[in-house]
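Trainee:
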Amino acid sequence: MEAVAGTRPVQQLARWLDPACYEKLVHRADIVKAHQARLRSTGGAPLRLHRSTVVRSSRVCRAAEGAYEASLVVAEARRVRAIALRLELVRGLWKVTALEIG
């Protein structure tokens with residue numbers, strides 16, 4: 158959530174994301190940055206997005222040999238979100254190959 162909010166560089170997560178998931182995360186972070194810039198340009202205070210995120214619940218299941226799927230519920234100051242992801246073992250490294258953030 159820090160990467161989406163722009164408080165952590167998305168590049169720090171590149172090693173663990175496949176290219177499609179990485180691009181999806183970059184796109185989402187860019188949307189948040191543009192929204193923050195619009196707020197600043199109109200004199201509004203930027204929102205403190207994705208601060209103090211707390212994982213409320215998590216579930217993990219083995220989907221196949223070398224593949225796991227996980228779901229999380231995370232709470233922030235302003236809302237609760239669902240996150241779903243798939244991890245696959247790719248050349249000895251676990252990579253996120255599917256990612257959805259609600």
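Residue 197 in my numbering is what sits at position 40 of the sequence shown, and the numbering runs on without skipping anything.
Glycine included, each C-beta is placed from N, C-alpha and C at the ideal position.
No experiment lies behind these values; they were computed from the predicted model shown.
By how many angstroms is the C-alpha of Arg-243 removed from the C-alpha of Leu-196?
Mentor: 34 Å
Trainee: Are Val-189 and Val-231 closer than 8 Å when you measure CB to CB?
Mentor: no
Trainee: Hey, Ser-209 and Glu-233: beta-carbon distance below 8 Å or not?
Mentor: Yes; because the gap between Cβ atoms is below 8 Å, this pair is in contact.
Trainee: Once DSSP output is grouped into helix, strand and coil, what is the label at Arg-185?
Mentor: helix
Trainee: For Ser-209, name the three-state secondary structure that DSSP assigns.
Mentor: Annotated three-state conformation of Ser-209 is coil, per DSSP.
Trainee: Could you tell me whether the Cβ atoms of Asp-187 and Val-253 are closer together than 8 Å?
Mentor: Cβ distance not < 8 Å, so Asp-187 and Val-253 don't count as in contact.
Trainee: Pull the bridge partners of Cys-218 from the DSSP assignment, please.
Mentor: Cys-218 pairs with Glu-226.
Trainee: Bridge partners of Val-247, per DSSP?
Mentor: Bridge partners of Val-247 according to DSSP: Leu-250.
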